[in-house]
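Protein chains in written order, with the numbering used here: chain A, 1 to 278; chain B, 279 to 556.
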């Protein structure tokens, strides 16, 4: 079948390459940057350029843009979607997207499903796109509440065929709440962590934990600011929670209370050990 | 030559295995746990068990214990050290060790050098020891100020032969200040990070950044409490600095100030991009 990929950045580009690697689908790409389109074509990440007419023939439409652009693009192209097409976005927040898309997507013959592939890199753009980025990753889907089961099954099968380990169905609210903690907060911590006055002298004095802690400080601040602002309440709650918890360690240190500090560390270890992976 | 390794935990065990892999030295091990000693022997991580008499023949003595035990062990065994032996500890703090060892080590025919191999894993004990743990890592050494250059060269050559990428000479104070930031703070952040009420639901909603951020929450709280308390001032300063910096992101979010947030994120990205690796 024909698949449209809108936006050939890190995520869209990786989806295109992954589809080409794992399936016989034809991938039609769209990007505002002609050079990116040309490069995607040269690398066989896409089979051709998308246009409105070709969009009518696509059974799956993947919208890999920033949240605001997802809404705009989807609204502007809704009249070209095939009946029964799956239109799935890849934005990092879901409530802000679903709230604005639902009014015009509801009741249509095509099916809008919110999506968020749980994988990324600390680099942006098509040149960093990989065909194994989603191997063993989780694909989160937030369908409209009344969506047909057969549509959900089609969506799940599509992503499982690409090498995802699991497809997680949930609500936009739960998605945003979880992502505020598991991903957005990590980016803020990493960004704040790297700013110590000692950072530029780390060479020779650091190892894995410093590298891990600061990896995602290398972020696209335009995109992340939009994501953070679209999920402000949940993120603020998690950030305040973390600052409070760090305060407990600070207090134990300040009071030279070894027992309290040891208990705090033991509790953290126990939580970590209790977690299932991915 | 003969090398003594005191304490066959993750670090001592890995040093023993690394020496066996890269050199023809004979490794004599000591550990309070007979089962660990037996296992190290079975795995050829050591050639035999250390005793006071054999210690007299060791040209290098590596003390891989907790900071307090490093001091006690070194003092209790000083009379058995060979003239010109290099006695190097592997504790994660240096001022607290050097302050207590210097009084009885100074002026002796053997040479005490503070040491800290910059590598680790989030697991403890000999069974996690690896012969590649130190590949490309930095070995930090804090010698007495009056140490002879030829002794420092011997120490550097010894570690470079094991596969370390570099040997970094510094003072205990600078070591402790840097490590408070690059390593100790990371362990506190990781421990605090993992304690959100949402943590046990992360499965399906998380990817690399959550895994990286929480990896070292799996720590040995007894050892780390001792390390933190021995480096309390520097760690407290870094922890307070981080809490302050996180507060700036919180304020920008709370005020819905996208420009301020974007600036904070951009500054973090620029610092990260400016850092040299390892």
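Even glycine gets a Cβ: it sits at the ideal position worked out from N, Cα and C. Given the structure is predicted, the values throughout are model-derived calculations rather than measurements.
Along chain A, in chain order, which residues have C-beta atoms closer than 8 Å to that of residue i?
| i | result |
| --- | --- |
| residue 376 of chain B | Result: empty, since nearest Cβ-Cβ is about 17 Å, beyond 8 Å. |
| residue 366 of chain B | Per Cβ cutoff of 8 Å: no residues; residue 366 of chain B is ~17 Å from chain A at best. |
| residue 270 of chain B | Outside the shown range of chain B (279 to 556) lies residue 270 of chain B, about which nothing can therefore be said. |
Where does the unbroken beta strand (DSSP E) through residue i begin, and where does it stop?
| i | result |
| --- | --- |
| residue 341 of chain B | 336-341 |
| residue 144 of chain A | No beta strand (DSSP E) holds residue 144 of chain A; DSSP gives it neither H nor E. |
| residue 445 of chain B | 444-447 |
| residue 194 of chain A | Note, residue 194 of chain A: premise wrong, no beta strand (DSSP E); not H, not E. |
| residue 364 of chain B | 364-367 |
| residue 307 of chain B | 304-308 |
| residue 109 of chain A | That residue, residue 109 of chain A, is in no beta strand (DSSP E); it is neither H nor E in DSSP. |
| residue 280 of chain B | 280-284 |
What's the gap between the Cα of residue i and the Cα of residue j?
| i | j | result |
| --- | --- | --- |
| residue 268 of chain A | residue 492 of chain B | 9 Å |
| residue 371 of chain B | residue 471 of chain B | 24 Å |
| residue 490 of chain B | residue 182 of chain A | 11 Å |
| residue 27 of chain A | residue 406 of chain B | 46 Å |
| residue 149 of chain A | residue 156 of chain A | 10 Å |
| residue 78 of chain A | residue 91 of chain A | 18 Å |
| residue 514 of chain B | residue 456 of chain B | 13 Å |
| residue 437 of chain B | residue 364 of chain B | 12 Å |
| residue 451 of chain B | residue 347 of chain B | 20 Å |
| residue 13 of chain A | residue 404 of chain B | 44 Å |
| residue 499 of chain B | residue 391 of chain B | 26 Å |
| residue 342 of chain B | residue 554 of chain B | 29 Å |
| residue 288 of chain B | residue 517 of chain B | 27 Å |
| residue 133 of chain A | residue 19 of chain A | 12 Å |
| residue 88 of chain A | residue 5 of chain A | 10 Å |
| residue 175 of chain A | residue 142 of chain A | 8 Å |
| residue 184 of chain A | residue 217 of chain A | 11 Å |
| residue 146 of chain A | residue 118 of chain A | 24 Å |
| residue 409 of chain B | residue 295 of chain B | 5 Å |
| residue 96 of chain A | residue 376 of chain B | 57 Å |
| residue 468 of chain B | residue 244 of chain A | 14 Å |
| residue 200 of chain A | residue 475 of chain B | 34 Å |
In chain B, what lies closer than 8 Å to residue i by C-beta?
| i | result |
| --- | --- |
| residue 64 of chain A | What residue 64 of chain A touches in chain B: nothing, since even the nearest Cβ is about 16 Å away. |
| residue 115 of chain A | Neighbours of residue 115 of chain A on chain B: none; closest Cβ ~13 Å, over 8 Å. |
| residue 189 of chain A | 467, 471, 491 and 524 |
| residue 125 of chain A | Result: empty, since nearest Cβ-Cβ is about 14 Å, beyond 8 Å. |
Could you work out which residues of chain B lie near residue i, taking near to mean beta carbons separated by less than 9 Å?
| i | result |
| --- | --- |
| residue 224 of chain A | 539, 540 and 543 |
| residue 274 of chain A | 477 and 478 |
| residue 91 of chain A | Result: empty, since nearest Cβ-Cβ is about 15 Å, beyond 9 Å. |
I'd like the span of the alpha helix (DSSP H) that includes residue i, first residue to last.
| i | result |
| --- | --- |
| residue 453 of chain B | 450-457 |
| residue 103 of chain A | 95-105 |
| residue 67 of chain A | 67-77 |
| residue 289 of chain B | 288-300 |
| residue 526 of chain B | 510-532 |
| residue 491 of chain B | 486-492 |
| residue 541 of chain B | 536-552 |
| residue 319 of chain B | 312-320 |
List the residues of chain A that residue i touches, going by C-beta distances under 7 Å, in chain order.
| i | result |
| --- | --- |
| residue 457 of chain B | 205 |
| residue 464 of chain B | 209, 210 and 213 |
| residue 460 of chain B | 202, 205, 206 and 210 |
Chain A partners of residue i, CB-CB under 9 Å?
| i | result |
| --- | --- |
| residue 507 of chain B | 253, 256, 258 and 261 |
| residue 315 of chain B | Simply none; closest approach about 27 Å. |
| residue 407 of chain B | In chain order: nothing, as chain A lies at least about 16 Å away. |
| residue 510 of chain B | 253, 254 and 256 |
Which bits of chain B does residue i rub up against, with CB to CB less than 7 Å?
| i | result |
| --- | --- |
| residue 241 of chain A | 474 |
| residue 68 of chain A | Ordered by position in chain B, no residue passes the 7 Å Cβ test against residue 68 of chain A, which lies about 12 Å from the chain. |
| residue 173 of chain A | The contacting residues do not exist; residue 173 of chain A stays about 13 Å from chain B at best. |
- [ ] May I ask you to verify whether the stretch 322-329 of chain B touches the stretch 439-457 of chain B, counting CB pairs closer than 8 Å and requiring at least 3?
- [x] Look at the beta carbons and you see the stretch 322-329 of chain B not touching the stretch 439-457 of chain B: under three pairs across the two are nearer than 8 Å.
TODO: Could you list the residues in the stretch 484-496 of chain B with a C-beta less than 9 Å from some C-beta on chain A, going in chain order?
DONE: Of all residues in the stretch 484-496 of chain B, 484, 485, 486, 487, 488, 489, 490, 491, 492, 493, 494, 495 and 496 have a Cβ within less than 9 Å of some Cβ in chain A.
TODO: With 8 Å as the C-beta to C-beta threshold (strictly closer), list the residues of the stretch 526-540 of chain B near chain A in chain order.
DONE: Taken in chain order, the members of the stretch 526-540 of chain B whose beta-carbon sits within less than 8 Å of a beta-carbon on chain A are 526, 527, 528, 531, 532, 534, 536, 539 and 540.
TODO: Taking only beta carbons into account, state which residues of the stretch 416-447 of chain B come closer than 8 Å to chain A, listed in chain order.
DONE: Listed in sequence order: 416, 418, 444 and 446.
Task: At least three beta-carbon pairs within less than 8 Å, the stretch 475-491 of chain B to the stretch 131-148 of chain A - done: The stretch 475-491 of chain B and the stretch 131-148 of chain A touch, with no fewer than 3 CB-CB distances between them shorter than 8 Å.
Open item on the list: Residues of the stretch 8-30 of chain A in Cβ contact with chain B at a cutoff of 9 Å, in chain order, please.
Closed with: Across the stretch 8-30 of chain A, no CB contact with chain B closer than 9 Å is found for any residue.
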